[in-house]
Amino acid sequence: MIVRGRVERGGLILAVVLVTVALAFVVSGFVGALLWASLAALLFQPLFQRMLARWPGHRNIASAVTLLVITVAVVIPALIISSLVVEQAAGVYTQIRSGDINFATYFQRFYDGLPSPVQGLLDRSGFQSFEQTQARITQAVSSSASELASRALSIGANAAAFLLAFGVGLYVTYFLLRDGEHIGPAVVRALPLEPEAAERLAEKFVGVVRATIKGSGVVALVQGGLGAVTFWVVGLPAALLWGVLMAIAALLPAIGPAIIWGPVAVYLLATGAVWQAIVVVASGVLLIGLADNILRPILVGRDTGLPDWLVLVTTLGGIDAFGLSGIVLGPLAAALFLTCWQILSEQRLEQPGRTPVAPSVEE
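Residue numbers (the working numbering): 23 to 385.
Structure (structure tokens):
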């Protein structure tokens, strides 16, 4: 009987693994939509609860109204901004291909505006001459801009697939909002972990998602918006595209949006656009730089508990592996990794026969 029970248990586990892999394969084309639907349902669950308190017992109405608020307040503005970014990216890509945008000319103009001692220092640097440095930087910037523009164009070309995934995401969000109170605990109970460990992982999951989206995401959007307005005021072309790049850079700790507005300010100053450079620096320091310090404590109830260097590495790695979804998945993987090891260490110390080593006290 014992052997039979083990075989049946093993067969059940094998069946669970097989059907899970099969389901993952079936929905693989909508992984991104399902992920963002889950994140939206988790993030807007408090709003759904308010709507449910307004209409007690009418979960369908509360879920529909919440989804309408999400669509009007988040989805429609995001689609409008995305279409404008795609349009500007297409213009930049066309100008690069036609030669109207020549980064070599921009760098030469920047070099000519530098003081003579600085020019001599660049010429005596390890790059042997400014021309070689200019060629390398020009090639890197041109390829990066072309890649960004071509990706934006590919999104526009695959509009039908995008709309299908978008519709699936909204449809799933409705049901996750309505039934999330039951789905979440059921998933936690089904995890093959001790109840306490499963609860801690679930709490860490919720905390990291909310901290990343409400904190890093919203703050990055605000900083990118301020950067786009600043670039538009000083007359830079494709200001919205630069603002999107600044929003992406704002997600990276220790780097931040300064990696975008800093070189722009230096370029403007070196080319004689003094007041434009002053406006960019003032906006970067007084508005964009302070937005993080003001908004993050308001939007994030608790920190992710991750060091800045780990957030930086996992965010970059997540974007490289999963695209836009990696902004959340990267730090989430790191947080769950650390939590799992912390739980394992605590359980090992609590095992019978293990006596924690007391720290020695020198008298």
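Using N, Cα and C, we set each Cβ at its ideal position, and we do this for glycine too.
{"Asked": "Assigned secondary structure, Thr336 (DSSP; H/G/I helix, E/B strand, else coil)", "Found": "helix"}
{"Asked": "Limits of the alpha helix (DSSP H) - the one that Val307 falls within", "Found": "Element bounds for Val307: n/a, residue is neither H nor E."}
{"Asked": "Delimiting residues of the alpha helix (DSSP H) encompassing Gly352", "Found": "348-371"}
{"Asked": "8 Å Cβ cutoff met for Ile349 and Leu273", "Found": "yes"}
{"Asked": "C-beta contact flag for Gly249 and Trp283 at 8 Å", "Found": "yes"}
{"Asked": "Cα-Cα separation, Val335 to Leu308", "Found": "27 Å"}
{"Asked": "Residues near Val91 by beta carbon distance below 7 Å, same chain, minus five either side", "Found": "Leu69"}
{"Asked": "Three-state secondary structure assigned by DSSP to Leu263", "Found": "helix"}
{"Asked": "Endpoints, alpha helix (DSSP H) assigned at Phe227", "Found": "217-232"}
{"Asked": "Proximity of Ser194 and Ala59 at Cβ, strictly below 8 Å", "Found": "Before going on, a small fix: residue 194 reads as Val here, not Ser. Closer than 8 Å, so yes."}
{"Asked": "Range of the contiguous alpha helix (DSSP H) that encloses Val96", "Found": "Unbroken run through Val96: none, as it is neither H nor E."}
{"Asked": "N- and C-terminal bounds of the alpha helix (DSSP H) containing Ser60", "Found": "53-65"}
{"Asked": "Helix, strand or coil at Pro214 according to DSSP, with G and I counted as helix", "Found": "coil"}
{"Asked": "Close Cβ partners of Gly306 (< 6 Å) along its chain, the five nearest in sequence each way excluded", "Found": "Trp283"}
{"Asked": "Check whether Ala343 and Gly113 have beta carbons under 8 Å apart", "Found": "no"}
{"Asked": "Inter-residue CB distance, Ala111 and Leu263 (contact presumed, cutoff 8 Å)", "Found": "6 Å"}
{"Asked": "Segment contact, 8 Å Cβ cut-off, at least three pairs: the stretch 361-373 with the stretch 71-89", "Found": "no"}
{"Asked": "Collapsed DSSP secondary structure at Thr252 in the structure displayed", "Found": "helix"}
{"Asked": "Within 8 Å, strictly: CB atoms of Ile5 and Pro279", "Found": "Because the chain spans 23 through 385 in this model, residue 5 falls outside it and cannot be assessed."}
{"Asked": "Rounded C-alpha distance that separates Thr42 from Ala292", "Found": "59 Å"}
{"Asked": "CB of Leu312 within 8 Å of CB of Ala356, strictly", "Found": "no"}
{"Asked": "Alpha carbon of Pro207 to alpha carbon of Val266, nearest angstrom", "Found": "37 Å"}
{"Asked": "For Ala111, three-class secondary structure by DSSP", "Found": "helix"}
{"Asked": "Extent of the continuous alpha helix (DSSP H) to which Trp77 belongs", "Found": "Looking at the DSSP string, Trp77 is not in any alpha helix (DSSP H), and its letter there is neither H nor E."}
{"Asked": "Buried versus exposed call for Leu101 [16 or more other C-beta atoms within 10 Å across all chains shown]", "Found": "exposed"}
{"Asked": "Whole-number beta carbon distance between Lys236 and Leu65, since they are thought to touch under 8 Å", "Found": "7 Å"}
{"Asked": "Short Cβ contact (8 Å threshold) for Phe227 with Leu346", "Found": "no"}
{"Asked": "Glu203 and Val210 closer than 8 Å at C-beta", "Found": "no"}
{"Asked": "Which of helix, strand or coil DSSP assigns to Ile341", "Found": "helix"}
{"Asked": "Leu360 to Val39 span [Cα, whole Å]", "Found": "25 Å"}
{"Asked": "Neighbour-count burial assignment, Leu354, 16 or more Cβ in a 10 Å radius", "Found": "buried"}
{"Asked": "Sequence-distant residues of its chain with Cβ nearer than 6 Å to Ala242 (five each side left out)", "Found": "Ala269, Ala272, Leu273"}
{"Asked": "DSSP state of Leu258 mapped onto helix, strand, coil", "Found": "coil"}
{"Asked": "Same chain, Cβ closer than 8 Å to Gly339, neighbours up to 5 away in sequence not counted", "Found": "Gly348, Gly352"}
{"Asked": "Boundaries (first-last residue) of the alpha helix (DSSP H) holding Leu291", "Found": "280-292"}
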